[in-house]
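Peer 1: Mind looking over this structure? Questions follow.
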């Protein structure tokens with residue numbers, strides 16, 4: 001399983017590169033298969049029929065695997081995000097109450113710094129959620145990507 005980086009920019013960039021590779025492989029496969037369809041006889045050969053059947057079957061399998069992978073990831077992620085958001089809200093609320101009840105300037109400065117730290121952690125969680133979304137998308141893309149790249153290699157060897 002590919003572990004995407006925590007920085008959202010890098011996570012989405014890695015996903016874009018993987019998408020680009022998949023689109024290039026898909027273009028090769030589509031070109032090969034469309035040419036094969038155009039050149040097929042009125043009653044396609046057994047090999048052509050096998051390839052044409054495989055086309056539809058692979059799309060259904062990859063789509064189903066993709067939805068299952070994203071759904072499974074989402075189920076675990078949903079609980080993690082909810083628990084972390086609740087924890088952050090409680091911490092920030094506690095720090096705000098603590099700041100409001102300060103009795104000395106030194107205590108106020110210490111508690112204000114603690115609140116700023118808690119708010120920063122909340123912002124970092126939002127960035128992590130973006131990375132988690134990229135990871136979920138990566139899980140969903142994996143079945144389609146692997147089939148497209150494998151088909152491009154397999155059909156490329158036949159064409160030579």
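In my numbering, the protein residues as written are 1 to 160. Cβ coordinates follow ideal geometry from the N, Cα and C atoms, glycine included. Keep in mind the model is a prediction, meaning the values are calculated, not measured.
1) Could you pull out every residue in the same chain whose Cβ sits closer than 8 Å to the Cβ of residue 166, ignoring the five residues on either side in sequence?
2) Hey, could you find the ends of the alpha helix (DSSP H) residue 88 is sitting in?
3) Given a cut-off of 7 Å on the beta-carbon distance, is the pair residue 134 and residue 16 in contact?
4) Could you pull the start and end residues of the alpha helix (DSSP H) that residue 39 belongs to?
5) Please report the straight-line C-alpha distance between residue 61 and residue 139, rounded to a whole angstrom.
6) With 16 other CB atoms within 10 Å as the buried threshold, where does residue 105 fall?
7) Mind checking residue 115: buried by the 16 CB within 10 Å criterion, or exposed?
8) Does the separation of the CB atoms of residue 25 and residue 148 fall below 7 Å?
9) So, with DSSP's three-state summary, where would you put residue 119?
10) Using the three-state DSSP reduction, which class does residue 137 fall into: helix, strand or coil?
11) Going by beta carbon distance, what residues of the same chain come within less than 7 Å of residue 152, once the five residues before and after it are set aside?
Peer 2: From the atom records:
1) Residue 166 falls outside the range modelled here, since the chain spans only 1 to 160, and no answer is possible.
2) DSSP places residue 88 inside the alpha helix (DSSP H), whose first and last residues are 46 to 100.
3) Their beta carbons are not under 7 Å apart, which means residue 134 does not touch residue 16 by this criterion.
4) First-last of the alpha helix (DSSP H) with residue 39: 8 to 39.
5) For residue 61 and residue 139, the distance between alpha carbons rounds to 15 Å.
6) By the Cβ-count criterion, residue 105 is exposed, with fewer than 16 other Cβ atoms from all chains shown falling within 10 Å of its own Cβ.
7) Buried, because 16 or more other Cβ atoms sit within 10 Å of the Cβ of residue 115.
8) For the 7 Å CB-CB criterion, residue 25 and residue 148 form a contact.
9) Residue 119: helix per DSSP, three-state reduction.
10) Reduced to three states, the DSSP call for residue 137 is helix.
11) Within its own chain, the residues whose Cβ lies closer than 7 Å to the Cβ of residue 152, once the five positions on either side in sequence are excluded, are 25, 28 and 29, listed in chain order.
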